[in-house]
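Per the numbering used here, the sequence shown starts with residue 4, numbered consecutively. Just so you know, even glycine gets a beta-carbon here, dropped at the ideal spot from N, CA and C. So the structure is just underneath, and the comments pick up after that.
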Amino acid sequence: MKEYNKIKGDFGEIKAIKYLKDNKYKILESNYKNYAGEIDIIAKKGDYIVFVEVKARETLEFGSPSEAVTSRKQFKIRRTAEGYLKAKHLLDVPCRFDCIEVVGERINHLQDAF
């Protein structure tokens, strides 16, 4: 089951990257990891660095994918993002945290999700 979830997650991230590129985002990193955790996608659009959490589901039977981004997960993403910004000397650059839901073939982009 874990392997299946990994494949589903990878598929969701590939779809999300294509969606972001199609919408004029520049992809800076994917599956970025540091001491604090992992961020699925780091992109840039305009003046903003955008940290993107991707959640994929086959159906909405168990709720929307973004509901799985708990406050604990949000905290880890923020800490990871802070480490990225420090490492890249970008602490003065505006940023935001988005969530992209992939449900089957449908994509829902939640800007400023948290």
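Simplified DSSP state of K15, which is helix, strand or coil: By one-based count along the sequence shown, residue 15 stands at place 12. Note on residue identity: the sequence assigns Gly, not Lys, to residue 15. Of the three classes helix, strand and coil, the one that applies to G15 here is helix, per DSSP.
Kindly identify the DSSP beta-bridge partner or partners of G40. Residue numbering aside, residue 40 sits at position 37 when the sequence shown is read from its first letter. In the DSSP output, where bridge partners are listed per residue, G40 has N37.
Which residues in the same chain as I110 place their Cβ atom closer than 8 Å to its Cβ, once the five residues preceding and following it in sequence are excluded? Looking up residue 110 in the sequence shown gives position 107. Annotation for I110: K18, A19, Y22, I103, E104 place their beta carbon closer than 8 Å to its own, counting only its chain and skipping 5 residues before and after.
Looking at the unbroken alpha helix (DSSP H) that takes in Y87, where does it start and where does it end? Here residue 87 is taken as the residue at index 84 of the sequence shown, counted from 1. That run of the alpha helix (DSSP H) goes 74-90.
Does the count of Cβ pairs from the segment 33-43 and the segment 61-72 closer than 8 Å reach three? Touching, no.
Three-way DSSP call (helix, strand, coil) for K27 in this model: Against the sequence shown, residue 27 aligns to sequence position 24. K27 falls in the coil class under three-state DSSP.
Should G107 go down as buried or exposed, given a rule of 16 or more other Cβ atoms within 10 Å for buried? Taking the first residue of the sequence shown as position 1, residue 107 is located at position 104. The residue in question, G107, is exposed, as its Cβ has fewer than 16 Cβ neighbours within 10 Å.
How big is the Cα-Cα spacing for Q77 and Y28? If you number the sequence shown from 1, residue 77 lands on position 74. If you number the sequence shown from 1, residue 28 lands on position 25. In a straight line, the C-alpha of Q77 is about 22 Å away from that of Y28.
Under DSSP, the beta strand (DSSP E) around D115 begins and ends at which residues? Taking the first residue of the sequence shown as position 1, residue 115 is located at position 112. If you look at D115, you'll find it isn't in any beta strand (DSSP E); DSSP assigns it neither H nor E.
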